[in-house]
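Novice: Sharing a structure below in structure tokens format, with a few things to ask.
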Ligand code: UTP
Ligand code: MG
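Residue numbers (my numbering): 121 to 605.
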């Protein structure tokens, strides 16, 4: 129970009932005014009964002075003298402090036993008198006008903090979440209709995605919602903060961005965030990187937006920088253009972090992916053509093409049945004709999408990042279940 503070606190109880112990556990030594202690100050020791009158005179003076200054004052005497109690209460009232009586109601046997164990016990007869007196004192207190009368032990057990479960070790990444189509499917979340409870919405979506068999969750990295997805005033959370929240959940999802424009932050700082994400998630991080394209978000946040060539240089150098910072050791490093005087980045990632290069510019981006990427991400309709270019670049730069996976971002309308698909297309198409919209967004049922995914797998695609343009929340994910079987 929380007592008012500052307050006058008067202890009441027989010798050995635990008054001094109670006070010592809750107040600073100088806040407790003790007749025993003052006997030792003005007399020969704590039990010098001949010094009682002087000790009580000092005690009253100290109480006066402390209450006059509105300081917390705990009076540690037997507390059985009603006249003194009244005087102290009046002083407290004058000072504007609440008056609290604390009744130490240990049973008689306990008081006798504790008394007997003392160096200088209170004479048995005196203790018996105190115990006798204690049968009536609590009744007196009830009639005296204390703001609070507490009987420790009577209260509800101390409100212990609800015991928090220890934070479990992060789950390892899911072993293999390839679907029967041959690809693994990562949920790309790009819209956040999360209402009043963003964290709950995210946790529920991630939990449902994990349960359904998605291999991971990917987030866009934009400062302002992009027009292809929603309106500028709709929420789009900072991805690394958000991925941190997702990393703390009990899932096996891989977590990363698709994609982080290396114009927004220096690549080294991205490497730092990704390494931390990987460490916190038990090795489940990946990172998508791109050259950046949306000028508006740069202007709006005061971030330079250099010409395309420079942005692509930044992408290329940035991947090298990230890999250098993740590598063992802290030695100086120099890449093809960039260099660092040291590569000190702790925590290191828990394991190798896949770098997905986004963008399909054939001359530079795919070459960068061939040289430095673990994957390159393209549109589903471009897979065959871009894979051919990627492979040519791999041959050119001497990279084994099997080391560079091909992934796709698939923005698709998925309905539970034909009617549901039609309804969704109608709701989403805006001014685009229904058939054109349905074709562009591969609108279909989950079963229908399976054939597309199987075809993508045949073309060598390893991962589909599935973005549902009308994802409402966790309950809404079930309609893609058949795609994940
Ligand atoms: P206290 O010394 O706190 O009692 O405890 P008191 O009420 O202030 O006694 P007087 O009036 O000054 O004589 C007495 C003994 O009981 C033990 C303390 O450690 C001390 O030795 N004690 C007290 C407990 O073992 N448990 C308790 O909850 C309180
Ligand atoms: Mg005491």
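Where is the CB? At the ideal position from N, CA and C, for every residue including glycine.
Is DSSP giving residue 221 helix, strand or coil here?
Specialist: Mapped onto the chain shown, residue 221 falls at position 101. Of the three classes helix, strand and coil, the one that applies to residue 221 here is strand, per DSSP.
Novice: For residue 471, name the three-state secondary structure that DSSP assigns.
Specialist: Against the chain shown, residue 471 aligns to sequence position 351. Here residue 471 sits in coil by DSSP.
Novice: Is the beta carbon of residue 172 within less than 7 angstroms of some heavy atom of the ligand MG?
Specialist: Here residue 172 corresponds to residue number 52 of the chain shown, with the count starting at 1. No, the Cβ of residue 172 stays beyond 7 angstroms of every heavy atom of the ligand MG.
Novice: What is the rounded straight-line gap between the Cα of residue 208 and the Cα of residue 233?
Specialist: What you label residue 208 is simply residue 88 of the chain shown in a count that begins at 1. What you label residue 233 is simply residue 113 of the chain shown in a count that begins at 1. Taking the straight line from one Cα to the other gives about 31 angstroms.
Novice: Around the Cβ of residue 148, are there at least 16 other Cβ atoms within 10 angstroms (buried) or fewer (exposed)?
Specialist: In the chain shown, residue 148 corresponds to position 28, counting from 1. When all chains shown are included, residue 148 counts as exposed.
Novice: Return yes when the C-beta of residue 401 is under 7 angstroms from any heavy atom of the ligand MG, and no when it is not.
Specialist: On the chain shown, residue 401 is found 281 positions in, with the first residue counted as 1. Not so, every heavy atom of the ligand MG lies at least 7 angstroms from the Cβ.
Novice: In chain order, what are the residues with a CB under 7 angstroms from some non-hydrogen atom of the ligand MG?
Specialist: Counting every residue whose Cβ lies closer than 7 angstroms to a heavy atom of the ligand MG, we get 139, 140, 154, 156, 196.
Novice: In the segment 313-392, which residue ranges form an unbroken alpha helix (DSSP H) of at least 4 residues, counting only runs that do not cross its ends?
Specialist: Whole alpha helix (DSSP H) segments, 4+ residues: 318-332, 359-367.
Novice: Hey, would you say residue 395 sits closer than 8 angstroms to residue 467, going by beta carbons?
Specialist: Along the chain shown, read from residue 1 onward, the residue named residue 395 stands at position 275. Along the chain shown, read from residue 1 onward, the residue named residue 467 stands at position 347. Cβ atoms of residue 395 and residue 467: closer than 8 angstroms.
Novice: When you compare each of 169, 401, 464, 138 to residue 288 by their alpha carbons, which one comes out closest?
Specialist: Residue numbering aside, residue 288 sits at position 168 when the chain shown is read from its first letter. The residue with the shortest Cα to Cα distance from residue 288 is 401.
Novice: Going by beta carbon distance, what residues of the same chain come within less than 6 angstroms of residue 325, once the five residues before and after it are set aside?
Specialist: Locating residue 325 in the chain shown gives position 205, where the first residue counts as 1. Closer than 6 angstroms at the Cβ level, and outside the excluded window around residue 325, lie 594.
Novice: Measure from the alpha carbon of residue 379 to the alpha carbon of each residue in 310, 291, 261, 548, then state which is nearest.
Specialist: The residue you call residue 379 lines up with position 259 of the chain shown. For the residues 310, 291, 261, 548, the minimum Cα distance to residue 379 belongs to 310.
Novice: Can you list, in chain order, the residues of its chain with a C-beta nearer than 8 angstroms to that of residue 492? Leave out the 5 residues immediately preceding and following it.
Specialist: Here residue 492 refers to the residue found at position 372 when the chain shown is read from its first residue. So the qualifying residues of the chain are 436, 439, 440, 443, 475, 477.
Novice: Taking only runs that begin and end inside the segment 190-255, name each unbroken alpha helix (DSSP H) of 4 or more residues, in chain order.
Specialist: Listed in chain order, they are 202-215, 228-236, 244-253.
Novice: In three-state DSSP terms, what is residue 141?
Specialist: Along the chain shown, one-based indexing puts residue 141 at 21. Helix, per DSSP.
Novice: Which partner residues does residue 682 have in the DSSP bridge list?
Specialist: Residue coverage of the chain in this structure runs from 121 to 605, which leaves residue 682 outside it and unanswerable.
Novice: Looking at the structure shown, is residue 509 part of a helix, part of a strand, or coil, going by DSSP?
Specialist: As a first step, residue 509 is located in the chain shown; it is residue number 389 there, counting from the start. Three-state result, residue 509: helix.
Novice: Quick check: does the Cβ of residue 198 come within less than 7 angstroms of any heavy atom belonging to the ligand UTP?
Specialist: Against the chain shown, residue 198 aligns to sequence position 78. Indeed, a heavy atom of the ligand UTP lies less than 7 angstroms from the Cβ.
Novice: Among the residues of its own chain, which have a CB less than 6 angstroms from the CB of residue 279, if the five just before and after it don't count?
Specialist: Walking along the chain shown from the start, residue 279 turns up at place 159. For residue 279, the predicted structure reports a pLDDT of 49, less than 50, and the residue's modelled location is therefore unreliable. A value from the coordinates is still provided. Closer than 6 angstroms at the Cβ level, and outside the excluded window around residue 279, lies no residue.
Novice: I want to check one thing, is the minimum distance from the CB of residue 249 to the heavy atoms of the ligand UTP below 7 angstroms?
Specialist: By 1-based counting over the chain shown, the position of residue 249 is 129. Checking the Cβ of residue 249 against the ligand UTP gives no.
Novice: Are there 16 or more other CB atoms within 10 angstroms of the CB of residue 121, so buried, or fewer, so exposed?
Specialist: Within the chain shown, the letter at position 1 stands for residue 121. Result: exposed.
Novice: So does residue 169 have its beta carbon nearer than 7 angstroms to some heavy atom of the ligand UTP?
Specialist: In the chain shown, residue 169 corresponds to position 49, counting from 1. Every heavy atom of the ligand UTP is 7 angstroms or more from the Cβ of residue 169, so no.
Novice: DSSP state of residue 569, grouped into three classes?
Specialist: In the chain shown, counting from the first residue as 1, residue 569 sits at position 449. Of the three classes helix, strand and coil, the one that applies to residue 569 here is helix, per DSSP.
Novice: Which residues in the same chain have their Cβ closer than 6 angstroms to the Cβ of residue 186, if we skip the five residues on either side of it in sequence?
Specialist: Taking the first residue of the chain shown as 1, we reach residue 186 at position 66. Once the five neighbours on either side are set aside, the close Cβ partners of residue 186 are 193.
Novice: Give me, in chain order, the residues of the same chain whose beta-carbon lies closer than 6 angstroms to that of residue 200; leave out the 5 immediate sequence neighbours on both sides.
Specialist: In the chain shown, residue 200 corresponds to position 80, counting from 1. Once the five neighbours on either side are set aside, the close Cβ partners of residue 200 are 253, 257.
Novice: In whole angstroms, what separates the C-alpha of residue 270 from that of residue 337?
Specialist: The count along the chain shown starts at 1 and reaches residue 270 at position 150. The count along the chain shown starts at 1 and reaches residue 337 at position 217. So the two alpha carbons sit approximately 54 angstroms from each other.
Novice: Indicate whether the contact test is met: 3 or more Cβ pairs, each with one atom in the segment 452-470 and one in the segment 407-415, closer than 8 angstroms.
Specialist: No, the segment 452-470 is not in contact with the segment 407-415.
Novice: When every heavy atom of the ligand UTP is checked, does at least one fall within less than 7 angstroms of the C-beta of residue 224?
Specialist: Here residue 224 is taken as the residue at index 104 of the chain shown, counted from 1. Because some heavy atom of the ligand UTP lies under 7 angstroms away, the Cβ of residue 224 counts as near it: yes.
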